[in-house]
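Numbered per numbering that gives the first Met the number 0, the sequence shown spans residues 0 to 309. All C-beta atoms in this analysis are idealised placements derived from N, C-alpha and C, irrespective of residue type, glycine included. The model shown is predicted, which means the values in this text are computed figures rather than measured ones. Below is one structure, written out as structure tokens; comments come after it.
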Amino acid sequence: MRNAKHNAAEILERHPREPPTISHRLPVQPANAPDPCAATQWIQNRHRSFRPRIGIVLGSGLGDLAQAIEEPTQIAYRDIPDFPEPKVPGHSGQLVLGHLEGAQVAVLQGRCHLYEGWSLEESLRPLRTVLELGIELLILSNASGGINPRFHSGQVVAIDSHINWLFQSTKSPNRHDTAGYILMRNKRTYDAQWLTKARETAEELGFSLPSATYLATLGPNYETRAEYRAFGRLGADIVGMSTVPESILAMQLGTPVLAFSVVTNVANPDIPTATQHNEVLAWSSLARSRLEPLVSRIASKYFSTPNRNH
Ligand code: HPA
């Protein structure tokens with residue numbers, strides 16, 4: 000019988016491995032995927048002088064943050080080529096271009112979740128477009144369930160790591176291209192320097208910003224008590240249904256990510272209670288009173304003067 004070593008050598012000879020490269024290029028698109036640049040070009044053709052420095056994704060119940068944008072241009076997702084339209088209450092589905100504290104920003108008001116039936120590529124198209132506009136920082140926000148009993152409803156936390164319970168992420172369909180995986184090992188998904196700056200900024204505003212490990216599930220159901228307990232044992236502090244694919248895509252394209260989560264309901268697995276979507280929306284709107292000043296102060300401190308170093 001031929002030994003395994005011999006087989007491996009033969010396979011490698013037939014399918015030589017490309018040396019793994021660490022690159023910031025886009026993952027290769029399948030041949031039938033829409034041109035990933037179509038929406039970007041469509042926006043650039045209409046707003047030629049607009050160069051956003053920050054991209055912001057507003058999650059469940061946080062869409063009202065877009066009201067802080069000055070001189071806004073609002074574009075419905077349905078009017079942008081290839082954009083999917085969110086189907087969930089609390090996600091309005093529009094791109095807002097404008098200024099926040101003197102910084103040019105592109106805001107995605109509402110996101111599409113995998114549980115709505117979108118493919119990963121479709122759900123990420125709005126974010127991919129905003130990343131392609133050349134932003135220097137991506138700020139993600141979401142609503143989450145608290146697992147760590149230190150957290151309370153209405154609290155804002157910063158995600159510093161995640162557990163990908165979606166079991167999928169953007170990657171090249173070319174099986175020899177390992178760039179995405181290598182980046183995952185070598186680079187932090189959530190930028191450590193920006194996390195420090197965000198924590199300092201929160202303290203200036205009078206509140207603390209704890210770090211949290213976020214676990215993403217497919218949803219749309221909230222968790223059973225057994226699941227909250229299990230996710231806690233896995234090391235998750237909070238749980239939600241988004242953000243992880245977005246963070247991975249931004250990391251693959253080389254854009255630093257800050258991700259804030261509003262803890263809307265803290266799970267107590269020993270007391271049977273049901274999580275309701277309107278409860279989630281109510282707590283997230285309360286947390287706006289912290290999240291909005293935090294994001295605005297980051298914009299004014301680090302981005303309001305063109306090309307200011309940070
Ligand atoms: N689980 C999942 N997603 C959530 C929750 C939750 O408890 N709360 C808000 N988003």
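C-beta contact flag for residue i and residue j at 9 Å
| i | j | result |
| --- | --- | --- |
| Arg110 | Gly58 | yes |
| Leu126 | Leu290 | no |
| Ile237 | Gly144 | yes |
| Leu214 | Ala157 | no |
| Ala235 | Ile297 | no |
| Pro51 | Leu96 | yes |
| Glu84 | Gly92 | yes |
| Glu203 | Thr216 | no |
| Leu257 | Leu94 | no |
| Ala142 | Ser295 | no |
| Ile146 | Val243 | no |
| Thr254 | Ala281 | no |
| Val56 | Leu132 | no |
Buried versus exposed, by CB contacts within 10 Å (16 or more), residue i
| i | result |
| --- | --- |
| Gln40 | exposed |
| Thr223 | exposed |
| Arg287 | buried |
| Gly116 | exposed |
| His112 | buried |
| Ile310 | As shown, the chain starts at 0 and ends at 309. That puts residue 310 outside it, with no answer to give. |
| Leu293 | buried |
| Phe302 | buried |
Proximity test, residue i beta-carbon vs the ligand HPA heavy atom, cut-off 8 Å
| i | result |
| --- | --- |
| Ser59 | yes |
| Tyr221 | yes |
| Ser122 | no |
| Val238 | yes |
| Thr242 | no |
| Gly231 | no |
| Val212 | Per the sequence shown, the amino acid found at residue 212 is Thr instead of Val. The answer is no for Thr212. |
| Thr143 | The sequence shown places Ser at residue 143, not Thr. For the ligand HPA, at least one heavy atom lies less than 8 Å from the Cβ of Ser143. |
| Ala102 | no |
Closest residue to residue i among the options (Cα-Cα distance)
| i | options | result |
| --- | --- | --- |
| Cys36 | Gln73, Gln108, Glu69 and Leu130 | Leu130 |
| Gln108 | Lys86, Ala102, Pro219 and Leu119 | Lys86 |
| Ala249 | Ala225, Thr263 and Thr169 | Thr169 |
| Gln167 | Ser246, Thr263, Ile134 and Arg45 | Ser246 |
| Asn277 | Ile270, Tyr301, Tyr221 and Leu252 | Tyr221 |
| Val106 | Gly54, Pro219 and Ala281 | Gly54 |
| Ala211 | Pro219, Phe49, Arg228 and Gly239 | Gly239 |
Chain D within 9 Å of residue i, Cβ atoms only
| i | result |
| --- | --- |
| Phe259 | No chain D is present in this structure, which holds just one protein chain. |
Check: What are the start and end residues of each continuous beta strand (DSSP E) run of 3 or more residues lying completely inside the stretch 34-83, in chain order?
Finding: 53-57 and 69-75
Notebook entry, point to check: Going along the chain, which unbroken runs of the alpha helix (DSSP H) with 4 or more residues stay wholly within the stretch 226-296?
Noted result: 243-251
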